[in-house]
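Take the sequence shown: its letters are residues 4 to 127, numbered as in our numbering.
Reviewing the structure listed below.
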Amino acid sequence: GLFENLVKECFEEAGISETQANQAIATGTISYRHTDGRGLKRDILYCYDLELPDSFMPVCHDGEVESFQRLPIDEVLSIIAKSDAFKYNCNLVIIDFAIRHGVLTGDNTPEYAMLCERRNQLGG
């Protein structure tokens with residue numbers, strides 16, 4: 004199932020133990036559309052929040068992750084606003100996280116209403 008895959012991927016991509024991964028909390032889905040050389044792609048991301056201790060050091064076990072960096076959320080949001088440094092569907096998860104955790108609000112983000120309205124249609 005979905006949660007079993009989350010536990011497997013947590014270990015493979017970041018060395019997160021099964022005990023730690025079992026603390027993940029499902030937060031919803033993000034559906035998106037993206038065009039590539041073959042046409043329109045539709046997909047759904049299943050999102051989870053998982054808080055890890057400051058001492059946690061991720062280690063990739065499957066070679067799929069190039070590197071890890073610990074950055075403040077404001078810096079991550081600045082990076083996605085100004086560049087394509089992250090994969091496009093990762094940006095959607097970051098924006099969703101920032102909205103759910105009150106980092107992006109109507110008071111500090113002119114695009115807030117649009118982001119909230121389109122958060123399940125972003126990437127099209």
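C-beta atoms are modelled at their ideal positions from N, C-alpha and C, and glycine is treated no differently.
Bridge partners - residue i, DSSP secondary structure assignment
i	result
HIS37	LYS44
ALA27	Answer is none; ALA27 lacks a bridge partner.
THR32	TYR49
Pick from the options that is closest to residue i, judged by C-alpha positions
i	options	result
ASP99	GLU54, ARG122, ASP110, ASN111	ARG122
ASP46	ASP52, ILE33, LEU53	ILE33
ALA29	CYS63, ASP87, LEU5	LEU5
TYR35	GLY105, TYR115, ASN94	ASN94
GLY18	ASP39, ASN111, LEU55	LEU55
ALA84	CYS63, THR112, ARG73, GLN23	THR112
VAL10	GLU69, GLY31, LEU53, GLU120	LEU53
LEU48	HIS37, ARG41, SER58	HIS37
VAL62	ILE76, LEU118, PHE14	PHE14
PHE59	CYS50, TYR51, GLN72	GLN72
ASP39	ILE82, TYR91, GLU21	TYR91
ASP57	ARG41, LEU74, CYS50, TYR51	LEU74
SER70	SER81, PHE89, ASP77, ILE82	PHE89
ARG103	LEU43, ILE82, GLY31, LYS44	GLY31
Endpoints, alpha helix (DSSP H) assigned at residue i
i	result
ARG121	115–121
Cβ separation of residue i and residue j, assumed to be a contact under 8 Å, to the nearest whole Å
i	j	result
VAL68	ILE97	Between ILE97 and VAL68 the Cβ distance is about 16 Å, and since that is not below 8 Å, they are no contact.
ASP87	GLU16	Actually they do not touch by this definition, with Cβ atoms about 21 Å apart.
GLY105	ALA116	About 15 Å; that fails the 8 Å criterion.
Exercise. Please list the segments of the alpha helix (DSSP H) lying wholly inside the region 50–110, counting only runs of 4 or more residues, in order along the chain.
Key: 76–85, 91–103
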